[in-house]
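First to last, the protein sequences are chains X and G. Each residue of the first sequence is one higher than the last, beginning at 1 in UniProt numbering. Each residue of the second sequence is one higher than the last, beginning at 1 in UniProt numbering. We put the CB at the ideal spot given by N, CA and C, even for glycine. I have placed the structure first, in the form of structure tokens, so that the comments after it can refer back to it.
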Amino acid sequence: MSRYVGLVLISHSYDLAYGLKMIASQVEPDVPIAIAGGTEDNDIGTSVIKIKEAIESVYSDKGVILFFDLGSALMNAELAIDMLGNPQNVKIADAPLVEGVYAAAVESGCGADLEEALKVAEQTRLLEKKI
Amino acid sequence: MSITFNQLTKWIVRAAEQIMKQKNYLTELDQAIGDGDHGINLSRGFQEVVHNIQTLETDDIGQLFHTIGNTLIQKVGGASGPIYGIAFIKGGAILKGKKEITVSEFSQFLHKSVEAIKGIGKSEVGNKTVLDVWTPLADYLQEKGENIDWQEAISYCWEQAEKTKSMKAVKGRAAYLGERSIGHLDPGAVSSSFLFEALFETLGEGNEAK
């Protein structure tokens with residue numbers, strides 16, 4: 001069993017997802033992070049298949065948290081989870097993409113469980129950035 | 001009067017042609033209140049759908065709809081992929097094993113689709129979405145049944161799409177515009193109308209070219 005909760009970064013842009021992974025991996029290189037950016041042809045959009053494969057690639061009993069950028073990515077994320085048979089330890093975070101992923105990576109890297117990492121990631125919604 | 005597998009295949013081919021033809025129009029509508037990719041995304045998806053259903057070796061309508069839905073989910077990329085895709089997959093499940101269906105069965109398909117769209121889109125009628133065409137149409141077909149006049153159905157369908165103009169978007173990218181979305185047609189309602197117009201035209205031609 002992996003020691004870490006896995007993260008999946010879903011964006012309409014491959015580059016955005018890739019760049020964000022670079023940021024998060026720099027702070028927590030051991031946390032499994034997969035990206036699902038762009039459509040199958042790497043155009044702007046999201047792909048259920050890419051999301052499903054990304055989840056599978058970082059899945060362990062510790063669970064996986066999905067982060068998404070805009071509305072339709074959420075629908076595809078839900079569909080991907082549905083296609084995997086709705087595993088209870090795969091959750092979608094309601095969080096800002098950059099801050100949420102960063103916080104979750106740190107939490108996961110510290111050995112947090114799924115619920116803890118998800119909670120901290122979602123709390124970033126309340127962060128004030130200019131203090 | 002029954003609707004055959006062949007008619008439904010013809011419907012989808014016709015709908016795909018129309019959606020590709022209207023690609024720029026749909027994109028313009030989406031540029032006004034969305035992210036401007038509706039026409040491009042749907043065209044890409046339906047092009048692939050036509051390819052996939054023509055190589056399909058079955059006469060099972062449920063399987064036809066499943067293939068349509070799966071292809072749209074995989075190929076469209078924007079919100080319309082999962083929305084249209086899930087509509088065909090979940091709605092089409094009730095047509096499994098059928099080689100021909102009645103108008104009433106088609107309306108049942110629409111009712112199931114509407115449920116699936118509501119589930120994934122977390123939206124309701126009146127939110128300026130595809131549901132504002134699919135939902136009234138499901139009721140309309142159920143009410144008319146075998147006595148349906150296909151030309152009237154086409155008019156009815158476009159009237160529903162037109163109603164989205166005065167609605168305020170609360171879902172999707174258009175929701176960020178709030179009040180400013182009022183006065184614009186919903187691109188999904190319009191593409192849905194093209195889709196169903198193609199169906200009613202096909203059915204209006206009858207069974208002669210089996």
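Grouping DSSP H, G and I as helix and E and B as strand, with all else coil, what is residue i?
{"i": "glutamate 28 (chain X)", "result": "coil"}
{"i": "glutamate 146 (chain G)", "result": "helix"}
{"i": "leucine 137 (chain G)", "result": "helix"}
{"i": "isoleucine 12 (chain G)", "result": "helix"}
{"i": "isoleucine 101 (chain G)", "result": "strand"}
{"i": "lysine 210 (chain G)", "result": "Unreliable positioning characterises lysine 210 (chain G) in this predicted model, as indicated by a pLDDT of 40, which lies under 50. The coordinate reading is nonetheless provided below. Coil."}
{"i": "valine 90 (chain X)", "result": "strand"}
{"i": "lysine 163 (chain G)", "result": "helix"}
{"i": "lysine 21 (chain X)", "result": "helix"}
{"i": "tyrosine 176 (chain G)", "result": "helix"}
{"i": "leucine 70 (chain X)", "result": "coil"}
{"i": "cysteine 110 (chain X)", "result": "coil"}
{"i": "proline 82 (chain G)", "result": "helix"}
{"i": "leucine 131 (chain G)", "result": "helix"}
{"i": "glutamate 57 (chain G)", "result": "coil"}
{"i": "lysine 96 (chain G)", "result": "coil"}
{"i": "serine 13 (chain X)", "result": "coil"}
{"i": "valine 114 (chain G)", "result": "helix"}
{"i": "histidine 38 (chain G)", "result": "helix"}
{"i": "lysine 21 (chain G)", "result": "helix"}
{"i": "glutamate 205 (chain G)", "result": "coil"}
Which one or two residues does DSSP pair with residue i in a beta bridge?
{"i": "isoleucine 120 (chain G)", "result": "Paired residue(s): none; isoleucine 120 (chain G) is not in a bridge."}
{"i": "phenylalanine 5 (chain G)", "result": "BP columns for phenylalanine 5 (chain G) are empty, so no partner."}
{"i": "leucine 26 (chain G)", "result": "DSSP lists no partner for leucine 26 (chain G)."}
{"i": "glycine 6 (chain X)", "result": "X:Val64"}
{"i": "glycine 33 (chain X)", "result": "Residue identity differs from the one stated: residue 33 (chain X) is isoleucine in this sequence, not glycine. According to DSSP, isoleucine 33 (chain X) bridges with X:Leu7."}
Buried or exposed for residue i, going by 16 or more other Cβ atoms inside 10 Å?
{"i": "threonine 55 (chain G)", "result": "exposed"}
{"i": "aspartate 167 (chain G)", "result": "The question names aspartate, but residue 167 (chain G) is methionine in the sequence shown. Answer is buried; the Cβ neighbour count reaches 16."}
{"i": "aspartate 186 (chain G)", "result": "buried"}
{"i": "leucine 97 (chain X)", "result": "buried"}
{"i": "asparagine 24 (chain G)", "result": "exposed"}
{"i": "glycine 63 (chain X)", "result": "buried"}
{"i": "tyrosine 4 (chain X)", "result": "buried"}
{"i": "glycine 100 (chain X)", "result": "buried"}
{"i": "glycine 37 (chain X)", "result": "buried"}
{"i": "tyrosine 176 (chain G)", "result": "exposed"}
{"i": "glycine 111 (chain X)", "result": "exposed"}
{"i": "glycine 121 (chain G)", "result": "buried"}
{"i": "glutamine 160 (chain G)", "result": "buried"}
{"i": "glutamine 88 (chain X)", "result": "exposed"}
{"i": "glutamate 28 (chain X)", "result": "buried"}
{"i": "glycine 119 (chain G)", "result": "exposed"}
{"i": "aspartate 37 (chain G)", "result": "buried"}
{"i": "threonine 27 (chain G)", "result": "buried"}
{"i": "lysine 98 (chain G)", "result": "buried"}
{"i": "lysine 50 (chain X)", "result": "buried"}
{"i": "leucine 127 (chain X)", "result": "exposed"}
Just the C-alpha distance for residue i and residue j, rounded to the nearest angstrom, thanks.
{"i": "tyrosine 156 (chain G)", "j": "aspartate 139 (chain G)", "result": "12 Å"}
{"i": "lysine 75 (chain G)", "j": "serine 47 (chain X)", "result": "8 Å"}
{"i": "glycine 69 (chain G)", "j": "tyrosine 84 (chain G)", "result": "7 Å"}
{"i": "aspartate 30 (chain X)", "j": "valine 90 (chain X)", "result": "19 Å"}
{"i": "arginine 152 (chain G)", "j": "arginine 180 (chain G)", "result": "Rather than arginine, the amino acid found at residue 152 (chain G) in this sequence is glutamate. Approximately 32 Å between the Cα atoms of the pair."}
{"i": "lysine 21 (chain X)", "j": "tryptophan 150 (chain G)", "result": "53 Å"}
{"i": "aspartate 94 (chain X)", "j": "threonine 71 (chain G)", "result": "28 Å"}
{"i": "leucine 95 (chain G)", "j": "phenylalanine 109 (chain G)", "result": "7 Å"}
{"i": "alanine 209 (chain G)", "j": "isoleucine 101 (chain G)", "result": "Confidence is the limiting factor: at alanine 209 (chain G) the pLDDT is only 44, short of 50, which leaves the residue's position unreliable and the question unanswerable from this model."}
{"i": "alanine 26 (chain X)", "j": "aspartate 69 (chain X)", "result": "The question names alanine, but residue 26 (chain X) in the sequence shown is glutamine. Distance between the alpha carbons of glutamine 26 (chain X) and aspartate 69 (chain X): 21 Å."}
{"i": "glutamate 122 (chain X)", "j": "serine 80 (chain G)", "result": "27 Å"}
{"i": "arginine 125 (chain X)", "j": "leucine 118 (chain X)", "result": "12 Å"}
{"i": "leucine 7 (chain X)", "j": "tyrosine 14 (chain X)", "result": "16 Å"}
{"i": "leucine 84 (chain X)", "j": "lysine 52 (chain X)", "result": "7 Å"}
{"i": "leucine 74 (chain X)", "j": "serine 11 (chain X)", "result": "10 Å"}
{"i": "arginine 44 (chain G)", "j": "glutamate 146 (chain G)", "result": "34 Å"}
{"i": "aspartate 132 (chain G)", "j": "methionine 1 (chain G)", "result": "27 Å"}
{"i": "tyrosine 102 (chain X)", "j": "isoleucine 23 (chain X)", "result": "8 Å"}
{"i": "asparagine 52 (chain G)", "j": "glutamine 63 (chain G)", "result": "12 Å"}
{"i": "leucine 114 (chain X)", "j": "isoleucine 81 (chain X)", "result": "16 Å"}
{"i": "leucine 29 (chain G)", "j": "serine 60 (chain X)", "result": "43 Å"}
{"i": "isoleucine 61 (chain G)", "j": "lysine 128 (chain G)", "result": "30 Å"}
{"i": "proline 32 (chain X)", "j": "valine 58 (chain X)", "result": "6 Å"}
Give the C-beta separation of residue i and residue j to the nearest angstrom, bearing in mind that I take them to be a contact with Cβ-Cβ under 8 Å.
{"i": "residue 216 (chain G)", "j": "alanine 198 (chain G)", "result": "As displayed, chain G neither begins before 1 nor continues past 210, which places residue 216 (chain G) out of reach and without an answer."}
{"i": "proline 82 (chain G)", "j": "leucine 79 (chain X)", "result": "5 Å"}
{"i": "glycine 91 (chain G)", "j": "serine 113 (chain G)", "result": "3 Å"}
{"i": "glycine 78 (chain G)", "j": "serine 72 (chain X)", "result": "5 Å"}
{"i": "phenylalanine 194 (chain G)", "j": "glutamine 7 (chain G)", "result": "The pair is not a contact, with the Cβ atoms about 17 Å apart (cut-off 8 Å)."}
{"i": "serine 192 (chain G)", "j": "isoleucine 19 (chain G)", "result": "At roughly 10 Å, the Cβ-Cβ gap does not stay under 8 Å, so serine 192 (chain G) and isoleucine 19 (chain G) are not in contact."}
{"i": "histidine 184 (chain G)", "j": "isoleucine 40 (chain G)", "result": "So it is not a contact: roughly 18 Å between Cβ atoms."}
Exercise for the section: For the region 59-93 of chain X, enumerate the residues whose C-beta is nearer than 8 Å to any C-beta of chain C, in chain order. Expected result: Within the model displayed, chain C is absent; protein chains X and G are what it includes.
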